[in-house]
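J.: Sharing a structure here in structure tokens format.
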Amino acid sequence: MSMAQVCCDSAVTAAPVAGPEAEARARARAERRRRAAEAGRWKHAAAAGTAAADATRKRSLEAGELLVARKHGAASVAGRRREMEDAVSVRESFAAEGDADGGGRRDFYGVFDGHGCSHVAEACRDRMHDLLAEELAAADGSGSAATWTAAMERSFARMDAEAMSAGGSAACRCDPHKCDHVGSTAVVAVVEERRVVVANCGDSRALLCRGGGAPPLPLSSDHKPDRPDELERIEAAGGRVIFWEGARVLGVLAMSRAIGDGYLKPYVSSVPEVTVTDRADADECLILASDGLWDVVSNEAACEVARACLRRGRARWCAEAAALLTKLALARRSSDNVSVVVVDLRRRDH
Amino acid sequence: MDMARYESCYRHWIAGQEAGLAELEAASANAAAGRATDAELRTVVERCMLGYQDYATRRRALSREDGVAFFAPPWCTAFENSVLWLGGCRPSLTVRLLYNLSGEGLEAQVEELLGGLSNGVIPTGALGITSAQLVLINDLHSRTVHQENALSDRLATLQEDIADRPLLPIVRQRELAAAARLGAAAAASGSCDGAARRRLRAARLGAADAEVDAALDSYKAALSRLLVEADELRMATARALATEILTPRQAVEMLAAGKHLHLSVRDWSRRREAAAGAQQQLGGQSAGTDNTVRPST
């Protein structure tokens, strides 16, 4: 495909494209303008907010660090890659629930699988929860699915803008001229008393394990370029999906949505797909993981492993499940970084 | 240059690897039979570490004489040399081997766990790597890769620096001087004289090369220092795994596997190169026959 052809295609599609994607992009542009106008005030407010949040924020989970706690566990390893481009974020009580939801607690979990370099995934780990907390504070208190979707979409758009404007740090090994080629998946889960809200961009995944013999419930859908609706969206925007060791946007990227990747905008979108799922008494756990796990372990196998660890009745069962899934991925010769978070969803009174 | 002594050092190392492997395998069998205590296994591991340290110490002394020899050792096969990193094994490879070993048996144990057949123990594979150990291994992997990259960058800088300055300026300077002398000689003789050109070229080749020798000696010394640091990284990574992260039994298994791989690759590549050499000799004889049939004029 020649560059001229790409330009012509872009010109052809210059006319506004109706639909959620166009609306989302318009919102993202408006958000960027608003934030630019309020740059000074926003930065100051952010700093103040960060200072206030420090007192209650739990320590973030660094790559490779195993955080052992009753409610969740995580494992994250470079595995058979030389570079670690995954990042994991666990932020308990990161934001207060809205009044309509009884003022209970909200916990944030995120898995970010970077590509091209690690700095976008690291930025997501460091900032995504703060951006979301701000959006939730600004949202109406209704807690409706539409409100959650809007808050998640704005958070992802702001994270995308931050990632693309920040570029790499001096510590990065990526080529400074190719920061536009760096991006990250983002699968984010907010666990409330009554619901689990998941927002996903890319091919990491969130899975709900329900008891009573129920099959695992995917809370996210992988954004592969050859998923029919994604293929349609990309081509409508003037892009191409080329098959080179799998489907790739412009023959380059094996996922159709990501944070960052300015070079592949607008074909690679940062608009998340959001699900809001009511919790049930039979729920056992939530699993978030990068494709280093999912490429070699099925949803069913992952839930069975987690359930087996749960059955043992140990306090640290979430950490054990996360570590075992990671080791299983390595044993099955996963060739990528592997990151796994397991969250205990059982009711406290059980 | 005393290549025989360097090769002798290497042969001593190989003999040590073979003896060490036998000792580790015996220790592993004893451990499996419940006849070895942790203290005994730790002693075996420590002897193995001392063997590595002894080899590194000998190399340090010899490489001061000729660092270049250890980067592409003539006593190794081409295949062995193709997988060397700064004159030895790549330290991060140790972690890859450990991931491979730690996966053995895990699949079957997971199946037992899922079937409810196990006694409730969390699967850890035959090697028994725990969750906490996995975190430490991953951290060591990251640090080792980082340090490897730093040393690789230094080699790149060294190679670029010596070519850029002083070697190219020397080459350019001598080309210019030779051209000037050639011009002068041509003028003196009043004609373009092939004989004069040949005499000047001979003089250039025979000229004292103090500058060049100094440059090459400087490069060799820098390679020698790099080899020492690379050996230190190899030692540090192996020691961290064998004595800080793994249990004595796990360390014995890992060290045995590493030695076994090293010796096997050496044997396999020597067998293949010996066969290739024999083939080449046959080819050579044919060529010789051709020469006999058609003597050169």
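Chains as they are written, first to last, in the UniProt record's numbering: chain A, 1 to 350; chain B, 1 to 297.
C-beta atoms are modelled at their ideal positions from N, C-alpha and C, and glycine is treated no differently.
As the structure is a computational prediction, the values presented were derived from the model and not from experiment.
Grouping DSSP H, G and I as helix and E and B as strand, with all else coil, what is residue 28 of chain B?
T.: By 1-based counting over the second sequence, the position of residue 28 of chain B is 28. Residue 28 of chain B falls in the helix class under three-state DSSP.
J.: Are there 16 or more other CB atoms within 10 angstroms of the CB of residue 50 of chain B, so buried, or fewer, so exposed?
T.: Position 50 of the second sequence, counted from the start, is the residue given in the question as residue 50 of chain B. The residue is exposed, with fewer than 16 neighbouring Cβ atoms inside 10 Å.
J.: Compare the C-beta of residue 7 of chain B with all C-beta atoms of chain A and state if any pair is closer than 8 Å.
T.: Locating residue 7 of chain B in the second sequence gives position 7, counting from the first residue. Not one chain A Cβ lies under 8 Å of residue 7 of chain B.
J.: Tell me the DSSP secondary structure of residue 278 of chain B in three-state form.
T.: On the second sequence, residue 278 of chain B is found 278 positions in, with the first residue counted as 1. Of the three classes helix, strand and coil, the one that applies to residue 278 of chain B here is helix, per DSSP.
J.: Flag this pair as yes or no: are the beta carbons of residue 263 of chain B and residue 21 of chain B separated by less than 8 Å?
T.: To locate residue 263 of chain B, count along the second sequence from 1; it is residue 263. To locate residue 21 of chain B, count along the second sequence from 1; it is residue 21. In this structure, residue 21 of chain B lies closer than 8 Å to residue 263 of chain B by Cβ.
J.: Starting from residue 369 of chain A, follow the beta strand (DSSP E) in both directions and report where the run begins and ends.
T.: Lying outside 1 to 350, the shown extent of chain A, residue 369 of chain A is not represented and no answer is given.
J.: Compare the C-beta of residue 77 of chain A against all C-beta atoms of chain B and say whether one is closer than 8 Å.
T.: By one-based count along the first sequence, residue 77 of chain A stands at place 77. So, interface residue.
J.: Near residue 68 of chain A, which residues of its chain fall below 8 Å by C-beta distance, leaving aside the five closest residues on each side in sequence?
T.: Start at 1 with the first residue of the first sequence, and residue 68 of chain A comes out as number 68. Confidence is the limiting factor: at residue 68 of chain A the pLDDT is only 35, short of 50, which leaves the residue's position unreliable and the question unanswerable from this model.
J.: Whose Cβ in chain B lies nearer than 8 Å to the Cβ of residue 319 of chain A?
T.: By one-based count along the first sequence, residue 319 of chain A stands at place 319. Those are 131, listed as they occur along chain B.
J.: Looking at the structure shown, is residue 75 of chain B part of a helix, part of a strand, or coil, going by DSSP?
T.: Your numbering for residue 75 of chain B matches position 75 in the second sequence. In the structure shown, residue 75 of chain B sits in coil (DSSP, three-state: anything other than H, G, I, E or B).
J.: For residue 157 of chain B, name the three-state secondary structure that DSSP assigns.
T.: Translated into the one-based positions of the second sequence, residue 157 of chain B becomes position 157. Three-state result, residue 157 of chain B: helix.
J.: Let's test the definition: count the other Cβ atoms within 10 Å of the Cβ of residue 91 of chain B and tell me whether it reaches 16, buried, or not, exposed.
T.: Along the second sequence, read from residue 1 onward, the residue named residue 91 of chain B stands at position 91. So residue 91 of chain B counts as buried.
J.: Going by the DSSP bridge assignment, what does residue 112 of chain A pair with across the sheet?
T.: Translated into the one-based positions of the first sequence, residue 112 of chain A becomes position 112. DSSP lists A/87 as partners of residue 112 of chain A.
J.: Could you please give the first and the last residue of the uninterrupted alpha helix (DSSP H) stretch that includes residue 120 of chain A?
T.: Here residue 120 of chain A corresponds to residue number 120 of the first sequence, with the count starting at 1. Note, residue 120 of chain A: alpha helix (DSSP H), 119-138.
J.: Look at the Cβ atom of residue 356 of chain A, then the Cβ atom of residue 96 of chain B, and state whether they are nearer than 8 Å.
T.: One cannot answer for residue 356 of chain A here, as it falls past the ends of chain A, which runs 1 to 350.
J.: Do residue 108 of chain A and residue 190 of chain A have their C-beta atoms closer together than 8 Å?
T.: Position 108 of the first sequence, counting from 1, holds the residue named residue 108 of chain A. Position 190 of the first sequence, counting from 1, holds the residue named residue 190 of chain A. Yes, the Cβ-Cβ distance between residue 108 of chain A and residue 190 of chain A is below 8 Å.
J.: Measure the CB-CB distance between residue 406 of chain A and residue 110 of chain A and report whether it falls below 8 Å.
T.: Since the first and last residues shown for chain A are 1 and 350, residue 406 of chain A lies out of range.
J.: Would you decide whether residue 327 of chain A is buried or exposed? Buried here means 16 or more other CB atoms lie within 10 Å of its CB.
T.: Within the first sequence, residue 327 of chain A is the residue found at index 327, counting from 1. With 16 or more other Cβ atoms within 10 Å, it is buried.
J.: Assign residue 127 of chain B to one of three DSSP states: helix, strand, or coil.
T.: Against the second sequence, residue 127 of chain B aligns to sequence position 127. In the structure shown, residue 127 of chain B sits in coil (DSSP, three-state: anything other than H, G, I, E or B).
J.: Just reading off the beta strand (DSSP E) that residue 190 of chain A is part of, what are its end residues?
T.: The sequence position of residue 190 of chain A within the first sequence is 190, counting from 1. Note, residue 190 of chain A: beta strand (DSSP E), 186-191.
J.: Using three-state DSSP, classify residue 246 of chain A as helix, strand or coil.
T.: For the purposes of this step, residue 246 of chain A is taken as the residue at position 246 of the first sequence. If DSSP states are grouped into helix, strand and coil, residue 246 of chain A belongs with coil.
J.: Who does residue 218 of chain A pair with in a DSSP beta bridge?
T.: Mapped onto the first sequence, residue 218 of chain A falls at position 218. Paired residues: A/207.
J.: With 8 Å set as the bound, which would you pick, yes or no: does the beta-carbon of residue 309 of chain A sit closer than that to a beta-carbon of chain B?
T.: To locate residue 309 of chain A, count along the first sequence from 1; it is residue 309. Yes - at least one Cβ of chain B is within 8 Å of the one on residue 309 of chain A.
J.: Mapping the DSSP letters down to three states, classify residue 37 of chain B as helix, strand or coil.
T.: Position 37 of the second sequence holds residue 37 of chain B. Looking at residue 37 of chain B - three-state DSSP - the assignment turns out to be coil, as it is neither helix nor strand.
J.: Exposed or buried, residue 261 of chain B, counting other C-beta atoms within 10 Å across all chains shown (16 or more means buried)?
T.: The count along the second sequence starts at 1 and reaches residue 261 of chain B at position 261. That one is exposed.
J.: According to the neighbour-count rule (16 or more other Cβ atoms, all chains shown, within 10 Å of its Cβ), is residue 225 of chain A buried or exposed?
T.: The residue given as residue 225 of chain A occupies position 225 in the first sequence. Buried, by the Cβ-count rule.
J.: At the 8 Å Cβ level, is residue 290 of chain B part of the contact set with chain A, yes or no?
T.: In the second sequence, counting from the first residue as 1, residue 290 of chain B sits at position 290. Model confidence at residue 290 of chain B stands at a pLDDT of 35, short of 50, so the residue's coordinates are unreliable; what they give is reported in the following sentence. Chain A, which has no Cβ nearer than 8 Å to the Cβ of residue 290 of chain B, makes this no.
J.: Report the option in A/301, A/290 and A/313 whose CA atom is closest to the CA atom of residue 121 of chain A.
T.: Within the first sequence, the letter at position 121 stands for residue 121 of chain A. The option with the nearest alpha carbon to residue 121 of chain A is A/290.
J.: If the cut-off is 8 Å on Cβ atoms, which residues from the stretch 80-102 of chain B count as contacting chain A, listed in chain order?
T.: Listed by position, the residues of the stretch 80-102 of chain B near chain A (Cβ gap below 8 Å) are 92, 96, 99 and 102.
J.: Going by DSSP in three states, residue 361 of chain A sits in which element: helix, strand or coil?
T.: Any question about residue 361 of chain A goes unanswered here, given that chain A covers just 1 to 350.
J.: Using a beta-carbon distance below 8 Å, is residue 324 of chain A in contact with chain B?
T.: The residue labelled residue 324 of chain A in the question sits at position 324 within the first sequence. Yes, residue 324 of chain A counts as interfacial toward chain B.
J.: Using the three-state DSSP reduction, which class does residue 154 of chain A fall into: helix, strand or coil?
T.: Along the first sequence, read from residue 1 onward, the residue named residue 154 of chain A stands at position 154. Residue state, collapsed to three classes: helix.
J.: Give the DSSP-derived three-state secondary structure of residue 265 of chain B in the structure shown.
T.: Along the second sequence, read from residue 1 onward, the residue named residue 265 of chain B stands at position 265. Helix at residue 265 of chain B.
J.: Which residues of chain A have a Cβ atom closer than 8 Å to the Cβ of residue 122 of chain B, listed in chain order?
T.: Position 122 of the second sequence, counted from the start, is the residue given in the question as residue 122 of chain B. Result: 309, 312, 320 and 324.
J.: Have a look at B/104, B/165, B/85 and B/232 and flag the residue whose alpha-carbon is nearest the alpha-carbon of residue 125 of chain B.
T.: Here residue 125 of chain B refers to the residue found at position 125 of the second sequence. Among B/104, B/165, B/85 and B/232, the Cα nearest to that of residue 125 of chain B is on B/104.
J.: Between the stretch 241-255 of chain B and the stretch 16-32 of chain B, are three or more C-beta pairs nearer than 8 Å?
T.: Cβ pair count under 8 Å is three or more, so yes.
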